[in-house]
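See structure below.
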Amino acid sequence: MNFEFLGDNFMSLTVTGLTQGAIYALVALGYTLVYGVLRLINFAHSEVFMIGTFVTTIVWAGLGFGVGASAPGTFGVLGLIALAIVAAGAASGGTALIVERVAYRPLRKRNAPSLIFLISAIGASVALFELVGAITDRQPRGMPSLVQPKVQFTIFGADITNLQIGIILSALAMLAGLDIFINRTRLGRGVRAVAQNPDVAALMGVNKDRVIMLIFVLGGMMAGAASVLYDIKVGLTTYSVGFLIGIKAFTAAVLGGIGNLRGALLGGLLLGVVENYGAGVFGNEWMDVVAFVMLVVVLLFRPTGLLGESLGRARA
Amino acid sequence: MMAVIDSARKADESRVRAVTGLRDRWANLPYGWRISVLFAFVIFLYALPGLEIPLIKTPDTDFTSVLFLCAVYVLVAVGLNVVIGLAGLLDLGYIGFYAVGAYTVAILGSPNSPVVIQYPWVVCVPIAIAVTMVSGVILGWPTLRLRGDYLAIVTLGFGEIIRVFALNSDITNGNRGITGVPVPSEGTWPEWMDWFPGITAGRPIFSVSNVIGFYWLALTLVFICMLGVRRLERSRVGRSWLAIREDEDAAEVMGVPTFKYKLWAFAIGAALGGLSGALFFSKQTFINAQGFDLFTSILWVAAVVIGGAGNQLGVALGAILLAYLPERFREFADYRLLIFGVALIVMTIFRPQGLLPSRRRKVELEDRAKEGAVGE
Amino acid sequence: MRQSLARAIGGVAMVGLLVGAAACASDDEGGSGSTDAAACGSKIAFFGALTGGNAQLGINIRDGAKLAVDQYNKANADCKVELVEKDSAGDPAQASGLATSIVQDAKVLGVVGPAFSGESKVANPILSKEGVVIITPSATNPALAAQGDKTFHRALGNDASQGPGLALYMKDVMKVQKAFVVDDASEYGKGLADQVKQTLGSVVTSSAVVKEQQTDFGALVTQINSSGADSIFWGGYYREAAPFLKQYRDAGGKAKFVAGDGVKDQAFVDGAGAANAEGAILTCPCVPPEKAGGTFAADYKAATGREAGTYSAEAFDAANILLQGIKAGNSTREKLETFVDGYTGQGVTTSFKFQENGEIDPSAVAIWAYKVQGGKIVADQEAPKS
């Protein structure tokens, strides 16, 4: 157990953790939205994320930026990123919508118990996972290094690069946008109403089905944005990246308070940071365990999460 | 689109009626007849490795190995059924118990393990079962108070924790694994077994190249365990599980110690999982952390639910399909999981009670569907 | 009454079916090593990763073996040998099932492979117990020769030479001051990393372990940056090394990158990016294909359309040894084993004479260092001998 290492590198591990955590937070939004409204763990969300990562590489490769290509100037890079976010957001949102239509809606009509929903979610996740695996021949797909990290400034001995700042700021911006949408717009009010009590909301004139479609699409779009950030950061994607990120994002959602958007942000950032500290103290190979142990501990001692649940009903 | 779905459902319903008719007629058969048919079926199962049934033979892999895999998976399904089907607890990390049982046998029994004790298999296995039961209790104690969905995720987390532990710790030799997992016995086939096709007297009973011995051992254990669980189901414990599954609060009010029985379900499920792990890996002779991915755990849950949670024959069928189909249709090897995933979605929409449902479950789901229709 | 009759007939029919099926049952093809295969129709097997993240390494070996088999079959059209391909995806967990299927096919006399050390550890005992001859063209872990597998042979040097050779290259030629050692916990990776650590001694500042299939190396990059190491040794395969190096260079890491034969493939350069991989040093107990004897490099290119890869030449030699044995009439596993044990001859890579434990003569072993230059892997020099 290497506490010295933690002490010496506290700041850099924190920054690395926040960057990682920002990505978790965006993906966690999808889980938290769906669970808050439907009480369903959307297993397929991890594959929605994964599809976003692939769409990004396809878009970039299509524009001539395959593996090993050199990056265009700053505006070119920003343009590529923006384009990728739109494309991945659309693809991920679209996938989420399809999953809802094909797998979940028929079950809702039958008032199926949650175990069956979970099984269907697993089936959707496996199907998407394998489909992409078969299409890509299970080979990883690289992409060009678009952002050349340059150290912007140094705090307490930690170099902070433009890449890290970019990721954290983008995630915060998107979260702020979503927050405003949910809390200040009419559609957002519909979402909150359905989360509180679907039948009464329907009585009050909210189109339940449309609201549900909306939350799936929103969650998917957030995952799409996260996938672009992930691609820039890691530079590689393969058909199996979704699984681990998905589980950690779900952990983050629970950690912050399921159904609570700001909780997803807090949970994601916290998880990223604690994970990296754990990697520093125990060694890289134990990093994933840290996430799971955190999950178990949180569920045992504070099942409603750190910020409590806000979107949905109170826990039964 | 809805019309197609409806007509498909009607076709399926007529099949269900036929099957239910069969089931009722079976129940009405005199006792003696039922016993003889069952006996004949059991003999048939034991004789399978020697029979050459053309349609069901697997092309690329040794048929007996596939039979053995089916038997092990059925054992897993029986154990998982206790947790999910009987007690109603969703466990997504069942592979953790499988791993604990297997590793205990490997560590205590193999000459290559970091702990050089080398107990024989028959000593290792009861220890493995005990260790797995204890781990089941340790897992269950803090987590069984959680809600269904959260319980699922926590068990998932535990399964992963066990896998990462196996991957990184020294006692399990990490990713390099432990070779030389002990076999049940070093004996050889006696002369009087020579008539069975595939058995040559004098060759070892439990070897990697000839799996008949392993298969028979697994089959025997499956029967013993299935009978045991059936007895449990019909006892006070089983009735308590039923009460907990249907409405936990009501059960608690009626004086059923729900926590204790849930813990029992976990422990028994864990024990069966550990036993299957020990059995499987003594055939493999090698164990490493890669054999315990979460995916398999999830597939097992799916097999149990598709087969019919709560019904032992149903979950056995689910397990056999899971083990057998990918081996039989190897041409689609790359797509088998894809097909499985799609099948899951389809099954949950059209037949959520499973292929061979337990009657209670079927009624419960029908009631819910009616409720749903009212709310629309 | 009629119902009982119907049931009685049904029961008799069922029993009759069982008896009939049992009577018609043919003999099981249970594994045994001593069946005499027909003089022709023998098979040799390739065992290694043809799919999965490290597939390229297996494909190179398969193609080398295939070239040998195809050339043999052309010259001996009346008595061909079949190459059976067993894809393990480099996964030791799959190895035992595949090894079992090999031993159960009585016509398979020998195996070119298993390609990786992890799967060898599992498969070799199974193969050897049933007498299948093993010649691995690439598995380098030294412990494999000490497992007591009688039919094991290795067609190249092992990590007990590669490790120290690599470390000495780092110390004497590259003159590194502080090395950071990473391994992937695999049989091969950890074994090689341990050898390197042993020889480098105090030059090693710290070490870390990565997971297989890991794609996100953020924490590791931070760790290396803060350790101030001027070189990184990677004990593992290219599947993880490529994304790691890319992320490391992207984060501004400047340390030199050194790795062993598991990383030596063009896929590594492509995955990491040519600019990032520039200057990386990769060692291998294999000769550069262009230095291999005869027309091997040209033949390989003509047959597959690609340049020969890592261990293609060694696989070619391994397959040829087996084929020569079959040609000389050794059509059972025991006879082939005796032949290979006593074999001496010159292959395209080196001269072969197997010792008691299956290793080749140490003087015939050469460790080469390769450099990544201009997006390609080129031979640099032979590594210093310890």
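Going down the list, the sequences are from chains Z, L and D. Under our numbering, think of the first position of the first sequence as 35, with each following residue one higher. Under our numbering, think of the first position of the second sequence as -2, with each following residue one higher. Under our numbering, think of the first position of the third sequence as 28, with each following residue one higher. By construction, the Cβ of each residue, glycine as well, lies at the ideal position given by its N, Cα and C atoms.
- Rounded to the nearest whole angstrom, the C-alpha separation of Leu362(L) and Ala300(L) is 18 Å.
- For Thr129(Z), there is no enclosing beta strand (DSSP E); the residue is part of the alpha helix (DSSP H) that begins and ends at 108 to 133.
- The criterion of a C-beta distance shorter than 8 Å is satisfied by Gly307(L) and Arg358(L).
- Apart from the 5 residues on each side of it in sequence, Gly174(L) sits with its Cβ closer than 7 Å to the Cβ of Phe283, Ile284, Asn285 in its chain, given in chain order.
- At least one CB of chain L lies nearer than 8 Å to the CB of Ile150(Z).
- The beta-carbon of Val327(Z) is placed no less than 8 Å from the nearest beta-carbon of chain D.
- Listed along the chain, the chain D residues whose CB falls inside 7 Å of the CB of Gly288(L) are Ala120.
- In terms of Cα proximity to His79(Z), the closest of Val315(Z), Ala298(Z), Gly258(Z) is Gly258(Z).
- When secondary structure is reduced to three states using DSSP, Val208(D) falls in the strand class.
- Think of a sphere of 9 Å around the beta carbon of Leu247(D): the chain Z residues whose beta carbon falls inside it are Ala313, Asn318, in chain order.
- Looking at the DSSP output, Val139(D) sits in a beta bridge with Phe73(D), Ile162(D).
- Identification of residues in the segment 154 to 165 of chain L having a C-beta nearer than 9 Å to some C-beta of chain D yields Val161, Leu164, Asn165, given in sequence order.
- For the pair of segments examined, the segment 110 to 128 of chain D was found to touch the segment 144 to 159 of chain D: the number of CB pairs separated by less than 8 Å reaches three.
- Closest by C-alpha distance to Trp189(L), out of Glu183(L), Pro181(L), Ala198(L), is Ala198(L).
- Ranked by Cα distance from Val237(D), the first of Gly228(D), Ala256(D), Tyr265(D) is Tyr265(D).
- Secondary structure at Cys67(L): helix, using DSSP grouped into helix, strand and coil.
- Collapsing the DSSP output to three states places Ala396(D) in a strand.
- Between Leu291(L) and Gly315(L), the CB-CB gap reaches or exceeds 8 Å.
- Counting only residues of its own chain and dropping the five nearest sequence neighbours on each side, Val234(Z) has a CB closer than 8 Å to the CB of Ala227.
- Beyond the five residues adjoining it in sequence on each side, Leu74(Z) comes within less than 8 Å, by CB distance, of Val68, Tyr138, Ser148, Phe151, Leu152, Ala155 in the same chain, given in chain order.
- Between the segment 167 to 178 of chain D and the segment 108 to 116 of chain D, the count of C-beta pairs closer than 8 Å stays below three; the two stretches do not touch.
- Between the alpha carbons of Ala393(D) and Phe187(Z) lies a gap of roughly 48 Å.
- Under the three-pair Cβ rule at 8 Å, the segment 106 to 114 of chain L does not count as touching the segment 162 to 180 of chain Z.
- Among the CB atoms of chain L, none fall inside 8 Å of the CB of Val185(Z).
- Cβ proximity to chain D below 9 Å picks out Asp171, Arg172, Gln173, Pro174, Gly176, Pro178, Ser179, Val181, Gln182, Pro183, Lys184, Val185, Gly191 from the segment 160 to 191 of chain Z.
- A straight-line Cα-Cα distance of about 6 Å links Met321(Z) and Glu309(Z).
- With 16 or more other Cβ atoms inside 10 Å of its own Cβ, Ala313(L) counts as buried.
- Beyond the five residues adjoining it in sequence on each side, Ala304(D) comes within less than 7 Å, by CB distance, of Leu272, Phe295, Val296, Val399 in the same chain, given in chain order.
- At a C-beta separation below 7 Å, Asp246(L) has no neighbours in chain Z, since its nearest C-beta there lies roughly 10 Å away.
- With fewer than 16 other beta carbons inside 10 angstroms of its own, Leu52(L) counts as exposed.
- According to the DSSP secondary-structure assignment, Asp193(Z) is paired through a beta bridge with Thr188(Z).
- Here Pro179(L) is not near Val75(L), since their CB atoms are 8 Å or more apart.
- Judged by DSSP secondary structure, Trp261(D) falls within the beta strand (DSSP E) whose first and last residues are 258 to 262.
- Of all residues in the segment 38 to 62 of chain Z, only Phe39, Asp42, Asn43, Ser46, Leu47, Val49, Thr50, Gly51, Thr53, Gln54 place a beta-carbon less than 9 Å from a beta-carbon of chain D.
- DSSP places Gly235(L) in the uninterrupted alpha helix (DSSP H) bounded by 233 to 243.
- Between Ile241(L) and Val253(L), the CB-CB gap stays under 8 Å.
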